[in-house]
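Remarks on the structure that follows.
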Amino acid sequence: DTEVTQTPKHLVMGMTNKKSLKCEQHMGHRAMYWYKQKAKKPPELMFVYSYEKLSINESVPSRFSPECPNSSLLNLHLHALQPEDSALYLCASSPGTSGRDTQYFGPGTRLTVL
Amino acid sequence: RKEVEQDPGPFNVPEGATVAFNCTYSNSASQSFFWYRQDCRKEPKLLMSVYSSGNEDGRFTAQLNRASQYISLLIRDSKLSDSATYLCVVNMPKSNTGKLIFGQGTTLQVKP
């Protein structure tokens, strides 16, 4: 089963709120990713976790804070976001980080920042 | 030059038509190639990995031309349900970081 789950499906938050996005996979994958996708654009990589350690941060502002509590879970903590941060946030996982490892995406969280 | 380039379309075709999408990539060291399909407001889903010898899955055929740094996707007998955006994806060469390079996507609209 190639399933990555994400909660919540939709989130509306104010600029002063703190919220978290959650991602889970039970495929035994050792790499997990956060992407941001704006309308009519491809996904943009934000963070990569490999074996529960942060391996890539694509110069993401500190108002986005990732966390990997264990090999199946990935969180994205949000604080003091801006309206331009409104987007679809996608989680993905893959067996490893080699070039041949296929990434499987979750359904995403559609975030609106007011 | 963009690292992965696709014609954004839209491609508007009638049901039953054959349609081909092309994608070029700039780094000759790239090793892995994928086509993902993304429906409106949904996540990207893997359609096919692309192998050197080319591969076929039902109505879908993917080809790789390393000399020209060119990948193609052919869809035969188009169905209404094939309407989506098709993303050409290439791995970041010479790295085991998991980083992928996405094309801008090609939009297909199949009409009755």
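Protein sequence lines, in the order shown, are assigned to chains A and B.
In terms of the working numbering, the first sequence has 19 at position 35, counting the first letter as 1, and numbering is strictly consecutive.
In terms of the working numbering, the second sequence has 4 at position 2, counting the first letter as 1, and numbering is strictly consecutive.
Beta carbons: idealized from backbone N, C-alpha and C, even for Gly.
Quick caveat: nothing in here was measured; it's all calculated off a predicted structure.
Selection HIS61/A, THR0/A, ALA76/A and GLU51/A evaluated against TRP18/A yields ALA76/A as nearest (Cα-Cα).
Counting only Cβ-Cβ distances below 7 Å, SER51/B has contacts in chain A at THR86, in chain order. Setting aside the 5 residues that flank it on each side, ALA31/B is surrounded in the same chain by PRO95 and LYS96, each with a C-beta closer than 7 Å to its C-beta; the list follows chain order. The beta carbon of HIS61/A sits closer than 6 Å to the beta carbons of SER4 and SER49 from its chain, once the five residues preceding and following it are set aside; these are given in chain order.
Inside the region 28 to 71 of chain B, DSSP marks whole beta strand (DSSP E) runs of 3 or more residues at positions 35 to 40, 46 to 52, 57 to 59 and 62 to 67, from first to last along the chain. By alpha-carbon distance to PHE62/B, the top candidate from GLN71/B, PRO46/B and LYS81/B is LYS81/B.
The alpha-carbon of LEU29/A is positioned some 26 Å away from that of ARG68/B.
With a beta-carbon spacing of about 13 Å, HIS10/A and PRO79/A fall beyond the 8 Å limit used to define contacts. Each of GLY11/B, PHE35/B and GLU17/B was checked against the Cα of ILE103/B, and the nearest Cα belongs to PHE35/B.
Annotation: GLU36/A to VAL112/B spans about 42 Å, alpha carbon to alpha carbon.
When C-beta atoms of the region 53 to 73 of chain A are compared with those of the region 19 to 30 of chain B, fewer than three pairs fall below 8 Å, so the two segments do not count as touching.
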